[in-house]
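In what follows, a structure is listed as structure tokens, so that the remarks can point back to it.
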Amino acid sequence: MNVFDRMREVLGELGQPKFKVIEVTDLPARLDKRNIYIVGEGSYRWFLALLCPCGCQEVIYLNVRHDSHPYWNIKAHAGTVSIEPSIWRQKGCGSHFFIRKGRVQWCQPFQKNK
Ligand SMILES: [Zn+2]
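All residue numbers in the sequence shown are consecutive under this note's numbering, ending with 123.
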């Protein structure tokens, strides 16, 4: 690997694309993998939807209404969001990750050697 490849790699990590947050009343038929959709109406937010960042093309739906469980908290930052707690798909790809300031932070699988 030459120095330029290394630089690209480092910059790639830093410049990892951020999710864009879009508030909608209806989900579009096809989701854009760069967007997090917050679905609601007026001041109500019902759920959010995003394509699984692992690339499996599955849509992840997260309830954000505090009156039903489980629910996820959306923390707004300038133009982006953090989502708590972590998102863990029990089916399919089993992805487990955080969204922090619009970026995906993967949780390491337990079986990984220390
Ligand atoms: Zn996935």
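All residues carry an ideal CB built from backbone N, CA and C; glycine is no exception.
As the structure is a prediction and not an experimental result, all values here were calculated from the model.
Inset, instruction - May I have the straight-line CA-CA distance separating residue 106 from residue 91, to the nearest angstrom? - result: Here residue 106 corresponds to residue number 97 of the sequence shown, with the count starting at 1. Here residue 91 corresponds to residue number 82 of the sequence shown, with the count starting at 1. Those two C-alpha atoms are separated by around 12 Å.
Inset, instruction - Since I believe residue 84 is in contact with residue 93 (beta carbons under 8 Å), could you give me their beta-carbon distance rounded to a whole number of angstroms? - result: Here the question's residue 93 lines up with position 84 in the sequence shown. Here the question's residue 84 lines up with position 75 in the sequence shown. The pair is a contact, with the Cβ atoms about 7 Å apart (cut-off 8 Å).
Inset, instruction - Return yes when the C-beta of residue 116 is under 7 Å from any heavy atom of ligand 1, and no when it is not. - result: The sequence position of residue 116 within the sequence shown is 107, counting from 1. For ligand 1, not one heavy atom lies less than 7 Å from the Cβ of residue 116.
Legend entry - Whole runs of the beta strand (DSSP E) within the segment 54–119, excluding any shorter than 3 residues: Given a length threshold of 3 residues, each whole run of the beta strand (DSSP E) inside the segment 54–119 is given here in chain order: 68–72, 82–86, 89–97, 105–109, 112–115.
Legend entry - Rounded straight-line distance, which links the Cα of residue 112 to that of residue 78: Your numbering for residue 78 matches position 69 in the sequence shown. Your numbering for residue 112 matches position 103 in the sequence shown. Their backbone Cα atoms lie some 25 Å apart in a straight line.
Inset, instruction - Examine ligand 1 and report whether any of its heavy atoms sits within less than 7 Å of the Cβ of residue 109. - result: Translated into positions along the sequence shown, residue 109 becomes position 100. No; taking the cut-off as 7 Å, the Cβ of residue 109 has no heavy atom of ligand 1 nearer than that.
Inset, instruction - Report whether the distance from the Cβ of residue 88 to the nearest heavy atom of ligand 1 is below 7 Å. - result: Residue numbering aside, residue 88 sits at position 79 when the sequence shown is read from its first letter. No.
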